[in-house]
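Reading through the structure tokens given below for one structure.
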Amino acid sequence: MKNIVIGRYIPGNGFLYKLDPRTKILAMLILMIATFVINNITYMVVAIGLIIVILLFSRISIKRVYLGLRPLMFLLIFTFTFQIIFNQQGELLQAWPIYYSFLTLGLGAALVLTWGFTKKFVRFKLLYFLLLLVGLGAVFTNLDTYYVFAQGHLRIYSEGLSMSLFIMMRLIIVVTLSTMLTITTKPTDLNLGLEYVLAPLKIIRVNAEEIAMIISISLRYIPTLLDEANKIMMAQASRGVDFQEGKFKEKIMQIVSLLVPMFIISFKRSDELANAMEARSFVPGRARTRLHVLTWKRMDIFVLTISLSLLTLSIVLRVMA
Amino acid sequence: MAIKFERVSYQYQGHDEKAYLALSDINVNIEKTGEFITLIGETGSGKTTLVQHMNALLQPSEGRVHIFGLKIDRNTKKEGKVKLNPIRKKVGLVFQFPEYQLFEETVEKDIMFGPKNFGISQKKALELAKRMIKVVGLDESYLSRSPFNLSGGEKKRVSIAGILAMEPDILILDEPTSGLDPIGRNALLKVFYDIHKTLNKTVIIITHDMNTVYEYAKRVLVMREGVLVFDGSPLALFSRKNIENWNLDIPDIVKLKTALSEKFNINIEDSPRSREALFKSIKAVIKP
Numbered sequence: 000m001k002n003i004v005i006g007r008y009i010p011g012n013g014f015l016y017k018l019d020p021r022t023k024i025l026a027m028l029i030l031m032i033a034t035f036v037i038n039n040i041t042y043m044v045v046a047i048g049l050i051i052v053i054l055l056f057s058r059i060s061i062k063r064v065y066l067g068l069r070p071l072m073f074l075l076i077f078t079f080t081f082q083i084i085f086n087q088q089g090e091l092l093q094a095w096p097i098y099y100s101f102l103t104l105g106l107g108a109a110l111v112l113t114w115g116f117t118k119k120f121v122r123f124k125l126l127y128f129l130l131l132l133v134g135l136g137a138v139f140t141n142l143d144t145y146y147v148f149a150q151g152h153l154r155i156y157s158e159g160l161s162m163s164l165f166i167m168m169r170l171i172i173v174v175t176l177s178t179m180l181t182i183t184t185k186p187t188d189l190n191l192g193l194e195y196v197l198a199p200l201k202i203i204r205v206n207a208e209e210i211a212m213i214i215s216i217s218l219r220y221i222p223t224l225l226d227e228a229n230k231i232m233m234a235q236a237s238r239g240v241d242f243q244e245g246k247f248k249e250k251i252m253q254i255v256s257l258l259v260p261m262f263i264i265s266f267k268r269s270d271e272l273a274n275a276m277e278a279r280s281f282v283p284g285r286a287r288t289r290l291h292v293l294t295w296k297r298m299d300i301f302v303l304t305i306s307l308s309l310l311t312l313s314i315v316l317r318v319m320a
Numbered sequence: 000m001a002i003k004f005e006r007v008s009y010q011y012q013g014h015d016e017k018a019y020l021a022l023s024d025i026n027v028n029i030e031k032t033g034e035f036i037t038l039i040g041e042t043g044s045g046k047t048t049l050v051q052h053m054n055a056l057l058q059p060s061e062g063r064v065h066i067f068g069l070k071i072d073r074n075t076k077k078e079g080k081v082k083l084n085p086i087r088k089k090v091g092l093v094f095q096f097p098e099y100q101l102f103e104e105t106v107e108k109d110i111m112f113g114p115k116n117f118g119i120s121q122k123k124a125l126e127l128a129k130r131m132i133k134v135v136g137l138d139e140s141y142l143s144r145s146p147f148n149l150s151g152g153e154k155k156r157v158s159i160a161g162i163l164a165m166e167p168d169i170l171i172l173d174e175p176t177s178g179l180d181p182i183g184r185n186a187l188l189k190v191f192y193d194i195h196k197t198l199n200k201t202v203i204i205i206t207h208d209m210n211t212v213y214e215y216a217k218r219v220l221v222m223r224e225g226v227l228v229f230d231g232s233p234l235a236l237f238s239r240k241n242i243e244n245w246n247l248d249i250p251d252i253v254k255l256k257t258a259l260s261e262k263f264n265i266n267i268e269d270s271p272r273s274r275e276a277l278f279k280s281i282k283a284v285i286k287p
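In the order they appear, the protein sequences are chains F and E.
Counted the way numbering that gives the first Met the number 0 counts, the first sequence spans residues 0 to 320.
Counted the way numbering that gives the first Met the number 0 counts, the second sequence spans residues 0 to 287.
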């Protein structure tokens, strides 16, 4: 539970750390839009290259970003395979016949089962999962026997391939950009930055300060609540709740015995926090002075200019093509 | 020997990936019956971590804990050979904050939750609930109430009843009297002492109250920065010179005894442990 990287700030001193949080938020948004404008695979690869250069330049460890990406890997592989199999636009690149026979179905099931049982012992789980997919493909496309009772086709089209690559790369870029933002920005700075960036919403009577406060408080409380959950699980384990085992009915009871105290404690905590904030004269919506006033520096203007020009470039390239 | 610590160390993983040593090189033996132990030390000295090892909620990073003949070490959970759940029936641990365990609709169901998890029948569990609610000093009318509408002290009593209903061999209580008024505190301490006396069970209490330690404990364990610095009788502890270094108070009775001797030259030879015993000793010295 302690390995959750979402929204985690890691102290450092690269150039991204020195930027104004508003710059970082805006640049992130601009670059995200740019990745959705790009529709050429070459430019996409260039974009990923650029991101890696920024990562290296700002001395963020690539391993950290990879850890942030890891929970998404299954989603990535899932969308990738679905796009490849079901998107049938563009020209046909490659086609294989698929044989549904007792042999292939049996072998396929056996493969999935062995994967399910052995994955615990393999260190590179993702690679192992890919291996399973490749193995399944090989079984269904190559083995044919006399008992084929249905036949299908696995066709890969150019659009399907490029779309799946696009989706994958876009997701990677979007997640990497947001990880970069949270790794290099203190929660308080992030809060301040969000307040400024969301300020225009006041026109439609949305209070940006409150939204920013809500976001930063929720981020702040993720580790605290995980800690509480851990304590509750221990207290219930002391009363004979075995969170590892149990039948379905017991499982429900286990979850209830965790969730009810969890809710009660969160309500109590938020109540206490509200009182503590009020005791320090916090009034929602009232104008507050700042201890740290954000200032634009030359670097910020430089970064924003570059991001905007990258966005313009991507739009121009798309219109030209 | 019910619980035996052999060179036990425990590391918490800090948020900045630095390891934080919560226990270091603990060696201690706890008998199955007849012990009344208090565990004291400043906040953050590792008391709670230590007792969480006693019913295998935590597994040591180094060394071994033997609990009723079962060996618990760093690999226990991974190997999965030792069933940890039965240990928790034998060693009952009451957490400091009742909010962590109360969750049922009624107090009755909540007290019955523990026993039922260990396979005790509905009927027997109900009997236990009715008995234990009285043991902790509440009456049967509480059984039908919601545990969330109780006062802090009542919640605490209900959570203790929930563990008592499991009828553990060894009872461990993490600051059971914090948040109680003095009368309720003394009544509850009496309850634990009675359980220890009548059933000859081992009871371990974490506390900050030196009067409790001095009056009730047969044995005191003192933790300081993850190290067990003292293991012996309360008399031996409070006759030591350097206990202020451990941030411990002197019990009121000991203070009074020293003051009597210094200011009024009344020297009491024996070491009375309770208020009544002290009065008796003073009378015996003054009268003749």
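A virtual CB, placed ideally from N, CA and C, is assigned to each residue, including glycine.
Between the C-alpha atoms of residue i and residue j, what's the straight-line distance to the nearest angstrom?
{"i": "F/Met0", "j": "F/Thr41", "result": "Reliability fails at F/Met0, whose pLDDT of 41 lies under 50, so the model's placement of it is uncertain and the value that follows must be treated cautiously. Going by the C-alpha atoms only, they are around 39 Å apart."}
{"i": "E/Ala21", "j": "E/Leu227", "result": "11 Å"}
{"i": "E/Leu137", "j": "E/Arg156", "result": "8 Å"}
{"i": "E/Val219", "j": "E/Ile203", "result": "9 Å"}
{"i": "F/Lys124", "j": "F/Leu130", "result": "10 Å"}
{"i": "F/Tyr127", "j": "F/Val121", "result": "7 Å"}
{"i": "F/Met252", "j": "E/Phe191", "result": "30 Å"}
{"i": "E/Thr211", "j": "E/Leu188", "result": "8 Å"}
{"i": "F/Pro222", "j": "F/Ile216", "result": "11 Å"}
{"i": "E/Gly225", "j": "E/Gly118", "result": "36 Å"}
{"i": "F/Leu25", "j": "F/Val196", "result": "8 Å"}
{"i": "E/Thr47", "j": "F/Leu71", "result": "37 Å"}
{"i": "F/Leu92", "j": "F/Ser306", "result": "36 Å"}
{"i": "E/Lys77", "j": "E/Ile2", "result": "22 Å"}
{"i": "F/Phe79", "j": "F/Ile155", "result": "12 Å"}
{"i": "E/Lys88", "j": "F/Gly284", "result": "53 Å"}
{"i": "E/Ser280", "j": "E/Glu243", "result": "27 Å"}
{"i": "E/Asp269", "j": "E/Thr105", "result": "49 Å"}
{"i": "F/Ala337", "j": "E/Gln12", "result": "For residue 337 of chain F there is no data in the structure shown, the boundaries of chain F being 0 and 320."}
{"i": "E/Ser120", "j": "E/Asp193", "result": "26 Å"}
List the endpoints of the continuous beta strand (DSSP E) containing residue i.
{"i": "E/Met222", "result": "Arg218 to Arg223"}
{"i": "F/Gln93", "result": "Leu91 to Tyr99"}
{"i": "E/Lys3", "result": "Ile2 to Gln12"}
{"i": "E/Tyr19", "result": "Ala18 to Ile29"}
What distance in whole Å lies between the Cβ atoms of residue j and residue i, which are believed to be in contact at a cut-off of 8 Å?
{"i": "F/Thr22", "j": "F/Val302", "result": "6 Å"}
{"i": "E/Gln116", "j": "F/Arg238", "result": "Looking at the sequence itself, residue 116 of chain E is Asn, so the reference to Gln does not match. Contact holds; Cβ gap of about 6 Å."}
{"i": "E/Pro59", "j": "E/Val7", "result": "4 Å"}
{"i": "F/Met31", "j": "F/Val173", "result": "6 Å"}
{"i": "F/Val255", "j": "E/Phe102", "result": "7 Å"}
{"i": "F/Thr178", "j": "F/Gly67", "result": "4 Å"}
{"i": "F/Phe107", "j": "F/Leu153", "result": "One detail in the question is off: residue 107 of chain F reads as Gly in this sequence, not Phe. Incorrect: roughly 13 Å between the Cβ atoms, too far for contact."}
{"i": "E/Ile171", "j": "E/Met53", "result": "6 Å"}
Considering just the uninterrupted stretch of the alpha helix (DSSP H) at residue i, what are its terminal residues?
{"i": "F/Gln235", "result": "Ala207 to Ser237"}
{"i": "F/Gly134", "result": "Lys124 to Asn141"}
{"i": "F/Val282", "result": "It is not in any alpha helix (DSSP H) - F/Val282 carries neither H nor E in the DSSP assignment."}
How would you list, in chain order, the residues of chain F whose beta-carbon sits under 8 Å from the beta-carbon of residue i?
{"i": "E/Phe94", "result": "Lys230, Met233, Ala234 and Ser237"}
{"i": "E/Met165", "result": "Arg238 and Gly239"}
{"i": "E/Gln51", "result": "Met233"}
Using a Cβ-Cβ cut-off of 7 Å, state whether residue i counts as contacting chain A.
{"i": "E/Gly45", "result": "Although the question refers to chain A, the structure presented lacks it and instead comprises the protein chains F and E."}
Is it buried or exposed for residue i, if we count other Cβ within 10 angstroms and need 16 for buried?
{"i": "E/Asp208", "result": "buried"}
{"i": "F/Arg279", "result": "exposed"}
{"i": "F/Arg58", "result": "exposed"}
{"i": "F/Gly115", "result": "exposed"}
{"i": "F/Asn141", "result": "exposed"}
{"i": "E/Gly68", "result": "exposed"}
{"i": "F/Ser313", "result": "buried"}
{"i": "E/Arg184", "result": "buried"}
{"i": "E/Phe94", "result": "buried"}
{"i": "E/Glu275", "result": "exposed"}
{"i": "E/Thr197", "result": "exposed"}
Under 9 Å between beta-carbons, which chain E residues line up against residue i? List them in chain order, please.
{"i": "F/Ile263", "result": "Glu98, Leu101, Phe102 and Phe147"}
Interface residues of chain E around residue i at Cβ under 7 Å?
{"i": "F/Val255", "result": "Phe102"}
{"i": "F/Val240", "result": "Asn116"}
{"i": "F/Val259", "result": "Phe102"}
Just the chain F side, please: which residues come within less than 7 Å of residue i by C-beta, in chain order?
{"i": "E/Leu236", "result": "In chain order: nothing, as chain F lies at least about 29 Å away."}
{"i": "E/Phe112", "result": "Arg238"}
{"i": "E/Gly161", "result": "Arg238"}
Closer than 9 Å by beta-carbon distance: list the chain F residues that pair up with residue i, in chain order.
{"i": "E/Lys88", "result": "Gly239"}
{"i": "E/Gly152", "result": "Those do not exist, as E/Gly152 stays about 17 Å from chain F at its closest Cβ, beyond 9 Å."}
{"i": "E/Leu38", "result": "Near E/Leu38 there are no residues of chain F at all, since even the closest Cβ is about 17 Å away, more than 9 Å."}
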